[in-house]
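The block underneath contains the structure these notes are about, expressed in structure tokens.
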Amino acid sequence: FLDVIESVNILVNSNGQLIRSDVNGALKMRTYLRVLLEAQGQSARGKSVDLEDIKFHQCVRLARFENDRTISFIPPDGSFDLMTYRLSTQVKPLIWVEAQVERYSRSRVEMLIKAKSQFKERSYATNVEIELPVPPDATNPSVRTSMGSATYAPENDAIMWKIRSFPGNKEYLLRT
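Counting from 4, one number per residue, gives the positions in the sequence shown under the working numbering.
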């Protein structure tokens, strides 16, 4: 079995401008045969992808990869990370987050947060975490969500919104 697991980290400012984005990925394998395997990838439409911080499992023959970009290896039994990588590029956020903030007084602020998935309905994102900054003087804000759970993290001056499974083309709300 081969699973591609990617974690997307995106930082957006209050004006909705993308500040930073990167993707951390891993090719996770589970094997029960000790045979020579080779994998040669090709990017879509001839576009190349510049991966950074590539790390291979010790079973990969590095000389072969450096020569012709083929990943050749004899896998160990069981589960292991064949390869991990980082991709720093401007990626379209899979989940777009918008915030509406209303100040009622110096000590009372209400926020309405909308999180909308921007991928096809048949796909879904798992273990989504959205960190929402709050003023440092916030004291135990009340939080309601339409999906998932949210907790106040005073050590980070943030509300952590966690959604286990986020289907494509869906929108969820958080009020605090």
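Note that CB positions come from ideal geometry on N, CA and C, so glycine has one too.
Smallest Cα separation from residue i: which of the options?
i	options	result
I77	L65, V146, K119	L65
H60	R33, N70, K123, D53	R33
A102	V137, I22, S24	V137
Y88	N27, S120, V15, D80	N27
N172	A118, K31, T154, G19	A118
V94	N70, I22, R106	I22
Can you give me the start and stop residues for the beta strand (DSSP E) that residue i sits inside?
i	result
R106	98 to 106
L115	112 to 120
M86	81 to 91
V1	The chain is shown only over 4 to 179; residue 1 falls outside these bounds and no answer can be derived.
F4	Neither: F4 is in no beta strand (DSSP E) and is coded neither H nor E.
Between which two residues does the alpha helix (DSSP H) harbouring residue i extend?
i	result
N130	Careful: N130 lies outside any alpha helix (DSSP H), inside the beta strand (DSSP E) at 127 to 136.
A66	65 to 71
Return the chain-ordered list of same chain residues with a C-beta closer than 8 Å to the C-beta of residue i, the five sequence neighbours on each side being excluded.
i	result
V63	I74, S75, F76, L85, M86
Spatial neighbours of residue i within its chain, please: CB distance less than 7 Å, with the 5 preceding and 5 following residues excluded, ordered by chain position.
i	result
S91	D25, E55
A47	Because the pLDDT of A47 is 49, which lies under 50, any placement of that residue in the model is unreliable, and the number read from its coordinates should be weighed accordingly. Within the same chain, A47 has no close Cβ partners at all.
To which residues of the same chain is residue i closer than 6 Å at the C-beta, ignoring the five residues directly before and after it?
i	result
N159	none
I98	A118, S120
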